[in-house]
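Written below as structure tokens is the structure these notes are about.
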């Protein structure tokens, strides 16, 4: 009672699961972090510490500014079903919620913040 809830939130990327041949190093690093989240969640579950992974999709940042025209066209073409760029505030809102400690029986969860980009489609 009175103890502050504890959470660890790791931000990876949809590239933790979706292969990108030109960015293998990036994909592998994100996939490695994803496994780290799972193993840490198992280790810390009994301590009541929630461990979460947030996977952003196409987010408007300095990192994506150089390829904005490419992503604008892909988003317009339907790659992202939400039909818009993600914003840093979209990620921040999810991280803040997870860091609140209000998900006491959840741990090891992956939360995609990607406008449905990662949902397989036919």
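Numbering (my numbering), first residue to last: 37 to 158.
From the three backbone atoms N, C-alpha and C, an ideal C-beta is built for every residue, glycine too.
**Q.** Span of the beta strand (DSSP E), counted from its first residue to its last, around residue 91
**A.** The residue given as residue 91 occupies position 55 in the chain shown. 85–92 is the extent of the beta strand (DSSP E) around residue 91.
Q: Specify, as a first and last residue, the run of the beta strand (DSSP E) that residue 43 falls within.
A: Taking the first residue of the chain shown as 1, we reach residue 43 at position 7. Element bounds for residue 43: 42–47.
Q | Residue burial classification, residue 75 (beta-carbon count within 10 angstroms, cutoff 16) | A | On the chain shown, position 39 is the one that residue 75 refers to. Burial call: exposed.
Q) Would you report the Cα separation of residue 44 and residue 128, rounded to the nearest angstrom? A) Indexing the chain shown from 1 puts residue 44 at position 8. Indexing the chain shown from 1 puts residue 128 at position 92. Roughly 14 Å separates the two Cα atoms.
Q: Give the range of the beta strand (DSSP E) segment to which residue 127 is assigned.
A: Walking along the chain shown from the start, residue 127 turns up at place 91. Looking at the DSSP string, residue 127 is not in any beta strand (DSSP E); the run it does join, the alpha helix (DSSP H), is 124–135.
Q: Give a yes or no on whether the C-beta atoms belonging to residue 107 and residue 94 are separated by under 7 Å.
A: Residue mapping note: residue 107 aligns to position 71 of the chain shown, counting from 1. Residue mapping note: residue 94 aligns to position 58 of the chain shown, counting from 1. Contact flag set, yes.
Q | Sheet register partners of residue 56 (DSSP bridge) | A | Translated into positions along the chain shown, residue 56 becomes position 20. Note: residue 56 sits in no beta bridge, so no partner.
**Q.** Whether residue 89 touches residue 143 by CB criterion (7 Å)
**A.** To locate residue 89, count along the chain shown from 1; it is residue 53. To locate residue 143, count along the chain shown from 1; it is residue 107. Going by beta carbons, residue 89 and residue 143 fall outside the 7 Å limit.
Q) Which residues in the same chain as residue 38 place their Cβ atom closer than 8 Å to its Cβ, once the five residues preceding and following it in sequence are excluded? A) The residue labelled residue 38 in the question sits at position 2 within the chain shown. Only weak support exists for where residue 38 lies, its pLDDT of 49 falling under 50; the coordinates are left without a value.
Q. Within 10 angstroms of its Cβ, does residue 91 collect 16 or more other Cβ (buried), or is it exposed?
A. One-based indexing of the chain shown puts residue 91 at position 55. By the neighbour-count rule (16 or more Cβ atoms within 10 Å), residue 91 is buried.
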